[in-house]
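Peer 1:
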Amino acid sequence: HLCAATDGGCYWPTRTSLMRPSSGFFAVLVALQICRNVSLFGFTSDPNGCLPFHYYGPQPTACARGKNPHKAPVPKANDEVVHWFDKEHEIYFNWQAHGWLK
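Residue numbers (my numbering): 229 to 330.
Written as structure tokens, this is what we have:
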């Protein structure tokens, strides 16, 4: 789903051009295949639309999330991000709208 949901197929618009979905995204995919019901929790509701999903190194000073949680901004060329969390969250919102996640 993550590859199909991106305009660039399975490639990140970065120097390495490699897609790196997070381990959490893979865990959700597995859970959707083997569980009757899947619920996600731990996502905070920030009035500015920012979610704290940075888990290594210094915390970035700017919000790492776009203003619209339902439309992920595409990383800029040569951004060396490891995971595209905005896109993963956009997909989670979509799956929730379809009733696949609770």
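Just so you know, even glycine gets a beta-carbon here, dropped at the ideal spot from N, CA and C.
Computed from a prediction, not measured in an experiment: that's the story for all the values here.
Do the CB positions of ARG248 and HIS311 come within less than 8 Å of each other?
Peer 2: Yes, the Cβ-Cβ distance between ARG248 and HIS311 is below 8 Å.
Peer 1: Taking the C-alpha atoms as reference points, what is the distance between TYR320 and ARG264?
Peer 2: When rounded, the distance between both Cα atoms is 17 Å.
Peer 1: In this structure, how does DSSP classify TRP323 when only helix, strand and coil are distinguished?
Peer 2: Three-state DSSP puts TRP323 in a helix.
Peer 1: Check GLY294 in the structure and name its three-state DSSP category.
Peer 2: At GLY294, the pLDDT of 48 sits below 50, so the modelled position is not reliable; the number obtained from the coordinates is stated separately. Coil, per DSSP.
Peer 1: What are the boundary residues of the alpha helix (DSSP H) that SER251 is part of?
Peer 2: 251 to 262 is the span of the alpha helix (DSSP H), which, as asked, contains SER251.
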